[in-house]
Amino acid sequence: MNLQDLKKRIPMEDVIEEFCRLVRTDSHSGEEGDMSETVSSKLKELGFEVTKDDAGRHFGGDTGNIVGRLEGDKGLPPIILCAHMDRVAPGRKVVPVVSEESIVSSGDTVLGADDVAGIVSILSGLRLASDLGAKLRPVEVIFTASEENGLLGARYMDYSLVKSKMAYVFDGAKPVGTIITASPTHIRIKADMKGRSAHAANNPEDGISAIQLAAEAITRLPLGKIDEETTANIGVIEGGIDTNIVCERAMILGEVRSLVDERALDLASEFSEVFKNAAAERGATAEVILHTHYRCYKIPDEAPVVAHAVSALSALGMPASIDSSMGGSDANMFNANGIQSVCLGMGFRQVHSCREEMPIDELANAICLVYGLVTVKE
Ligand SMILES: [Zn+2]
Numbered sequence: 007m008n009l010q011d012l013k014k015r016i017p018m019e020d021v022i023e024e025f026c027r028l029v030r031t032d033s034h035s036g037e038e039g040d041m042s043e044t045v046s047s048k049l050k051e052l053g054f055e056v057t058k059d060d061a062g063r064h065f066g067g068d069t070g071n072i073v074g075r076l077e078g079d080k081g082l083p084p085i086i087l088c089a090h091m092d093r094v095a096p097g098r099k100v101v102p103v104v105s106e107e108s109i110v111s112s113g114d115t116v117l118g119a120d121d122v123a124g125i126v127s128i129l130s131g132l133r134l135a136s137d138l139g140a141k142l143r144p145v146e147v148i149f150t151a152s153e154e155n156g157l158l159g160a161r162y163m164d165y166s167l168v169k170s171k172m173a174y175v176f177d178g179a180k181p182v183g184t185i186i187t188a189s190p191t192h193i194r195i196k197a198d199m200k201g202r203s204a205h206a207a208n209n210p211e212d213g214i215s216a217i218q219l220a221a222e223a224i225t226r227l228p229l230g231k232i233d234e235e236t237t238a239n240i241g242v243i244e245g246g247i248d249t250n251i252v253c254e255r256a257m258i259l260g261e262v263r264s265l266v267d268e269r270a271l272d273l274a275s276e277f278s279e280v281f282k283n284a285a286a287e288r289g290a291t292a293e294v295i296l297h298t299h300y301r302c303y304k305i306p307d308e309a310p311v312v313a314h315a316v317s318a319l320s321a322l323g324m325p326a327s328i329d330s331s332m333g334g335s336d337a338n339m340f341n342a343n344g345i346q347s348v349c350l351g352m353g354f355r356q357v358h359s360c361r362e363e364m365p366i367d368e369l370a371n372a373i374c375l376v377y378g379l380v381t382v383k384e
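Residue numbering for the sequence shown follows this note's numbering, starting at 7 and increasing by one per position.
Written out as structure tokens, the structure reads:
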């Protein structure tokens, strides 16, 4: 069936109703308990065997990840469809506003399309396949907890619950049809500059200003777009008590990202050296902590996970576009755990802002893509 015919079979009013109900369900990171109950029962209604892992206890969340399994055609390998249950702040008491073209929030909160759109597309695509009596391949659905605050659900997931060797993460802020085959290594950097306090006017010569150390270090750092595949930023600086004290401590937070793992690691250690040297030159010290937030992935275009998505799109007559992203998603964690994974464009816009928008037509496109991924061509 081509895209236009398939779209006519989607009960869009029900889809929008489900979308609105889910965005109205509060689900900040670590507080996805209600959302997890709701999506579990929806999966069970679709015939899935559902379990919840205990990932939440690792990060103080009120739920773990939801993992559903549907048998399907045993002759085919299973695939994972994934979306995350949490959303960024301000994301409580969302009031969705539906127009002809799109869904937005009332303007005081995010909409939460990131990633309710992923959840709804997966559920609706599976429902569509079942309503049309299509033959399904084995499917595993993962609804992760606490993606937005560090991919924590996927980081601590019980991977023994899934058998699939490939996964689709419905979470890309790009048009539907986009297959994100590369995503960076992301390292966070925390530097504590330790100077020496003194009276700023009586004996400033006895002090070492940590703010000055920080400033000197930062001016030596490569920042912004380093090359086509690498970025670096200083995002936070804190320190000092009052103007009459030579500042003793200053704290700096930054990050580096690169699609090339080694480059991210090298750049992070360069940052570390710069902070330490700037301090040492004035007889002070810097304590630097590097934390790898997630590792990069780069999936070849001919890999089965890409080929299957391209063929699902082309069977629907939708253009496929291979792209990379400088953001992370659960796909980074899945790849790090041996499941070849790509992130798929969902068509949502202005995510992580109160202007977040979900075009209704893109929701329909994503539902068709799920249908294409899970059905077996006869
Ligand atoms: Zn997301």
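Glycine is no exception: its CB is placed at the ideal position from the N, C-alpha and C atoms.
- Closest by C-alpha distance to residue 254, out of 201, 177, 282, 322, is 201.
- Take the alpha-carbon of residue 55 and the one of residue 337: they are about 23 Å apart.
- Residue 188 carries a strand assignment under DSSP once its states are collapsed to helix, strand and coil.
- Here residue 191 is buried, its C-beta having at least 16 other C-beta atoms within 10 Å.
- With the criterion CB distance below 7 Å from any heavy atom of ligand 1, the matching residues run 90, 120, 121, 153, 154, 177, 335, 357 along the chain.
- Around the beta carbon of residue 292, 16 or more other beta carbons sit within 10 angstroms, so the residue counts as buried.
- Boundaries for residue 10: no beta strand (DSSP E) harbours it, while the alpha helix (DSSP H) harbouring it runs 9–14, taken from the DSSP string.
- Taken through DSSP and simplified to helix, strand or coil, residue 194 comes out as strand.
- Counting only the Cα atoms, residue 164 lies some 12 Å from residue 158.
- A contact between stretches requires three or more CB pairs, one per stretch, nearer than 8 Å, and the segment 96–108 meets this requirement with the segment 20–31.
- Annotation for residue 162: no alpha helix (DSSP H) segment contains it, and DSSP assigns it neither H nor E.
- Under the rule that a run must span 4 or more residues, the alpha helix (DSSP H) segments found entirely inside the segment 281–354 read 310–322, 336–342.
- With respect to the 8 Å criterion, residue 183 and residue 319 are classified as neighbours on the basis of their beta carbons.
- Relative to residue 225, the option among 170, 239, 379, 307 whose CA is nearest is 239.
- By the neighbour-count definition (other C-beta atoms within 10 Å, threshold 16), residue 341 is a buried residue.
- Counting C-beta atoms within 10 angstroms of its own C-beta, residue 84 has 16 or more neighbours from the protein chains shown and is therefore classed as buried.
- Counting the other CB atoms within 10 Å of its CB gives residue 365 a total of 16 or more, which places it among the buried residues.
- Here DSSP, grouped into helix, strand and coil, assigns residue 58 to strand.
- An exposed status is given to residue 307, since fewer than 16 other beta-carbon atoms sit within 10 Å of its beta-carbon.
- The C-beta of residue 71 has 16 or more other C-beta atoms within 10 Å across all chains shown, which makes the residue buried.
- Per DSSP, reduced to three states, the secondary structure at residue 131 is helical.
- If you look at residue 27, you'll find it in the alpha helix (DSSP H) that goes 18–30.
- Relative to residue 151, the option among 38, 302, 186 whose CA is nearest is 38.
- Residue 251: not part of any beta strand (DSSP E); DSSP gives it neither H nor E.
- Rounded to whole angstroms, the gap between the alpha carbons of residue 354 and residue 162 is 27 Å.
- For the pair of segments examined, the segment 367–379 was found to touch the segment 111–131: the number of CB pairs separated by less than 8 Å reaches three.
- Per DSSP, reduced to three states, the secondary structure at residue 209 is coil, with no helix or strand assignment.
- In the DSSP secondary-structure assignment, residue 149 is bridged to 72, 89.
- Collapsing the DSSP output to three states places residue 265 in coil.
- Residue 297 counts as exposed, since fewer than 16 other beta carbons sit within 10 angstroms of its beta carbon.
- Judged by their CB atoms, residue 89 and residue 20 are not nearer to each other than the 8 Å cut-off.
- Around the beta carbon of residue 121, 16 or more other beta carbons lie within 10 angstroms, which makes this residue buried.
- When beta bridges are read from the DSSP output, residue 233 appears opposite 236.
- In the DSSP assignment, residue 370 forms no beta bridge with any residue.
- With a 10 Å radius around the Cβ and a threshold of 16 neighbouring Cβ atoms, residue 368 comes out buried.
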